[in-house]
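Inspection log for the structure reproduced underneath, given as structure tokens.
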Amino acid sequence: MTMIRMRDGTHLRVKTLGTGRPVVLIHGWPLSADSWDAVMIGLAESGFRAIAYDRRGFGRSDQPPGGYDYDTFADDLAEVMAATQATQDAALVGFSMGGGEIARYMSRHGGRGVSHAVLVSSVVPYVLRTDDNPHGVPASVFEEMTEGMKTDFRAFFTGFFRQFYGVGILKHPVSDEELQWAWNTTMQAGQYATLQAAAAFAYTDFRPDLPHLTVPTLVIHGTADATVPIEATGRAVAAQVPSADLVEYEGEPHGLFATQAQRLTRDIVAFLRGETIEARQGMLDALTADALAVGPL
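For what it's worth, my numbering labels the leading residue of the sequence shown as 57, then goes sequentially.
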């Protein structure tokens with residue numbers, strides 16, 4: 057484990073895997089870099105250098121009293137990139153609130169060193185419902201979340217992660233152990249940091265940042281995402297960013313890094329290699345058809 061010191065003295069925990077072109081992975085709320093482990097392994101095995109870090113206040117990074125806003129988060133990303141020498145031909149991959157770091161980095165830091173971007177279940181461009189963003193999440197939902205975290209921080213996340221992973225009476229896309237890991241990881245974070253970061257992703261409007269997202273961009277989003285609705289986010293980015301391609305995971309919930317880890321990794325690798333997702337899917341469909349034609353051995 058490596059700790060990198062930010063300009064304000066905050067230390068962020070960073071881990072790397074593999075060699076080759078750098079891919080910086082930014083985790084979602086309220087988890088840590090460890091949520092990217094399966095994807096990091098796949099990237100490393102595919103010839104990339106995967107870099108992931110715990111956002112300030114989360115995981116095993118420091119819990120400073122301030123800096124829980126997207127300008128600071130984007131500056132932290134810039135410093136992590138510099139410290140890990142991910143400053144040329146780098147790809148940025150952001151999950152959920154991590155997509156906000158990418159959008160703000162592209163505008164605030166001019167997209168320096170970035171050649172590709174991937175937004176997974178991302179809150180970009182604007183997750184809050186407003187008159188000009190009718191498909192967003194009502195403010196009352198975020199207010200209820202805040203009240204729940206303040207009333208019983210630990211109990212709140214037991215219910216939250218069931219929606220996050222799409223767990224229901226008849227559907228259980230992840231194991232009980234995955235749910236427990238997510239809860240345990242959240243408990244590493246500071247309660248203040250968790251509340252402040254929630255406000256940041258809920259109320260930050262990234263629409264002014266979108267014109268700066270000029271590099272090839274892959275948007276991946278589950279159609280059944282009840283945490284970050286696809287209509288206000290993934291589909292909105294695809295409609296407003298000329299360089300963006302949208303891949304919808306039919307029927308999938310928010311936590312794609314766990315519910316569809318292999319597919320997500322394959323799609324990211326294909327995109328970074330310059331392959332079209334359609335071409336790769338066509339090859340997979342052909343292989344499946346051949347296997348069905350041969351029949352069981």
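A virtual CB, placed ideally from N, CA and C, is assigned to each residue, including glycine.
Residue pairing by DSSP places V80 opposite I107, L148 in a beta bridge. The alpha carbon of I82 has as its nearest neighbour, out of D145, V176, G98, the alpha carbon of V176.
Between the stretch 95-102 and the stretch 226-244, the count of C-beta pairs closer than 8 Å stays below three; the two stretches do not touch. For R69, the beta-bridge partners assigned by DSSP are M59. Beyond the five residues adjoining it in sequence on each side, S88 comes within less than 6 Å, by CB distance, of D110, F114, G115, T241 in the same chain, given in chain order. With a cutoff of 8 Å on beta-carbon distance, Y182 and D261 are scored as near each other.
Segment contact: the stretch 214-222 against the stretch 301-316, three or more CB-CB distances shorter than 8 Å; contact assigned. Where T273 is concerned, the enclosing beta strand (DSSP E) starts and stops at 273-278. The Cβ atoms of Q316 and Y305 sit closer than 8 Å to each other. In the three-state reduction of the DSSP assignment, L133 falls in the helix class. A direct Cα-Cα distance of roughly 8 Å separates S117 from M59. When A254, R168, T289 are compared, the shortest CA-CA separation from T270 is found for R168. In the DSSP assignment, Y259 falls outside any beta strand (DSSP E) and lies within the alpha helix (DSSP H) extending over 247-259. Under the three-state reduction of DSSP, D188 is assigned to coil, being neither helix nor strand.
Between A249 and Q119 the beta-carbon gap is near 6 Å, inside 8 Å, which marks them as a contact. With contacts defined by Cβ atoms closer than 8 Å, A130 and R164 form a contacting pair.
The way I'd put it, the stretch 144-151 doesn't touch the stretch 61-72; fewer than three beta-carbon pairs between them come closer than 8 Å. DSSP, reduced to helix, strand and coil, places V170 within a strand of the structure shown. Inter-residue distance for A300 and L73 is about 27 Å (C-alpha atoms, whole angstroms).
If you look at A300, you'll find it in the beta strand (DSSP E) that goes 300-305.
The C-alpha of A106 lies about 25 Å from the C-alpha of E233.
Inclusion of V179 and S196 in the CB contact set at 8 Å is not warranted, their separation being larger than that value.
For H172, the number of other beta carbons within 10 angstroms of its own is at least 16, and it is reported as buried.
G192 has its alpha-carbon roughly 11 Å from the corresponding atom of Y259.
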